[in-house]
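Single-structure report; data block below.
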Amino acid sequence: DQQVKQNSPSLSVQEGRISILNCDYTNSMFDYFLWYKKYPAEGPTFLISISSIKDKNEDGRFTVFLNKSAKHLSLHIVPSQPGDSAVYFCAASAKGTYKYIFGTGTRLKVLA
Amino acid sequence: DVKVTQSSRYLVKRTGEKVFLECVQDMDHENMFWYRQDPGLGLRLIYFSYDVKMKEKGDIPEGYSVSREKKERFSLILESASTNQTSMYLCASSLDWDRGGRYGYTFGSGTRLTVV
Chain A
1497 DQQVKQNSPS
1507 LSVQEGRISI
1517 LNCDYTNSMF
1527 DYFLWYKKYP
1537 AEGPTFLISI
1547 SSIKDKNEDG
1557 RFTVFLNKSA
1567 KHLSLHIVPS
1577 QPGDSAVYFC
1587 AASAKGTYKY
1597 IFGTGTRLKV
1607 LA
Chain B
70 DVKVTQSSRY
80 LVKRTGEKVF
90 LECVQDMDHE
100 NMFWYRQDPG
110 LGLRLIYFSY
120 DVKMKEKGDI
130 PEGYSVSREK
140 KERFSLILES
150 ASTNQTSMYL
160 CASSLDWDRG
170 GRYGYTFGSG
180 TRLTVV
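Residue numbers (the working numbering), protein chains in the order written: chain A, 1497 to 1608; chain B, 70 to 185.
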């Protein structure tokens, strides 16, 4: 039972345009969400987070939006750069647990 | 900077071998995790530990065991390696409180294991 889903396995975007990566979840107990970025042969690194008390969090070129009623979050990258080409994982956690549940990942390719 | 170090970047082992994957973190984190990453399946939790000598099964523990004798070290053991255990293995750690705080987990660089 996949509690966190990233339905797009891959995405290609032109440099300078917006990249939108989507993530859906099913567990209404999730109240904290993270996005990680992963390059080949490296471990995932933290990108941005959002708590369920917010609907938007922004950090430079990266913005995460949370729609609790739809159980949906999205990561916007504006403007996209070739160095953003990586696999992006969303992860969700419920209060009182130690662990995060990860999505299957979306491979972003930013074309120069 | 928090560091999570996995002892090997690449490993090739034979079917039936006992395999040890080692992970060390230097930030006194209580929680440590082992995940495997496979294309189309994302990161799947194998085992985690919330204290020395404590362990809990994750989503796919079959064929694996773990050891945590010291707080900083968490070992993943493949009792008898099989080809379907060929994967990227990722170790992670986090603080005990608030699910690791704002940044969640800190991951190691991964070990690419090939079982032939």
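The C-beta atom is built at its ideal place from N, Cα and C for all residues, glycine as well.
- Task: Report buried or exposed for B:F89, applying the criterion of at least 16 other Cβ atoms within 10 angstroms of its Cβ.
- Result: By one-based count along the second sequence, residue 89 of chain B stands at place 20. Looking at its Cβ environment, which holds fewer than 16 other Cβ atoms inside 10 Å, B:F89 is exposed.
- Message: Can you look up A:Q1510 in the DSSP assignment and give me helix, strand or coil?
- Response: Along the first sequence, one-based indexing puts residue 1510 of chain A at 14. Strand.
- Message: For B:F102, would you say it is in contact with chain A, using Cβ-to-Cβ distances shorter than 8 Å as the test?
- Response: As a position in the second sequence, residue 102 of chain B is number 33, starting the count at 1. Closer than 8 Å: yes.
- Query: Is it the case that the Cβ atoms of A:D1527 and A:S1506 are separated by a distance below 8 Å?
  - Reply: On the first sequence, residue 1527 of chain A is found 31 positions in, with the first residue counted as 1. On the first sequence, residue 1506 of chain A is found 10 positions in, with the first residue counted as 1. Result no, Cβ atoms of A:D1527 and A:S1506 do not sit closer than 8 Å.
- Item | Inter-residue spacing [alpha-carbon to alpha-carbon] between B:R113 and B:F143 | Against the second sequence, residue 113 of chain B aligns to sequence position 44. Against the second sequence, residue 143 of chain B aligns to sequence position 74. Cα to Cα, the separation comes out at about 17 Å.
- What residues in the stretch 1542 to 1564 of chain A have a beta carbon less than 8 Å from any beta carbon of chain B? F1542, S1545
- Query: Hey, A:T1440 and A:L1517: beta-carbon distance below 8 Å or not?
  - Reply: Look at the range of chain A in this structure, 1497 to 1608, and you will see that residue 1440 of chain A is not part of it.
- Message: Using C-beta distances below 6 Å, list every residue in its chain close to A:T1559, excluding the 5 sequence neighbours before and after it, in chain order.
- Response: Your numbering for residue 1559 of chain A matches position 63 in the first sequence. Contacts found: H1572.
- Query: For the stretch 1504 to 1533 of chain A, which residues have a CB atom closer than 9 Å to at least one CB atom of chain B, in sequence order?
  - Reply: P1505, Y1528, L1530, Y1532
- Message: Does the contact criterion of 3 or more C-beta pairs under 8 Å hold for the stretch 79 to 87 of chain B versus the stretch 117 to 129 of chain B?
- Response: Segments in contact, no.
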